[in-house]
Amino acid sequence: MLHRFEVVNVKCGGCARSIEKALRADPRVASVAADIQRGAE
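Each residue of the sequence shown is one higher than the one before, counting from -13 in the numbering used here.
Below you can see the structure in the form of structure tokens.
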């Protein structure tokens, strides 16, 4: 199952990494990828 989230105003890698880290902390999340050009996904 794929879920895609759009998070606006993510302009730096540090913010994207924080979002990825928070999502990875959930044991139900298998993988996370953020694209700061388009927003975090």
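Glycine included, C-beta positions come from ideal geometry on N, C-alpha and C. None of the values given here were measured: they were computed from a predicted structure.
Suppose you measure from the CA of residue 3 to the CA of residue 13; what does that come to, to the nearest Å? 17 angstroms
Relative to the C-alpha of residue -13, which residue among 21, 5, 16, 20 is closest? 16
Cα-Cα separation between residue 19 and residue 6, rounded to whole angstroms: 7 angstroms
Tell me the DSSP secondary structure of residue 1 in three-state form. helix
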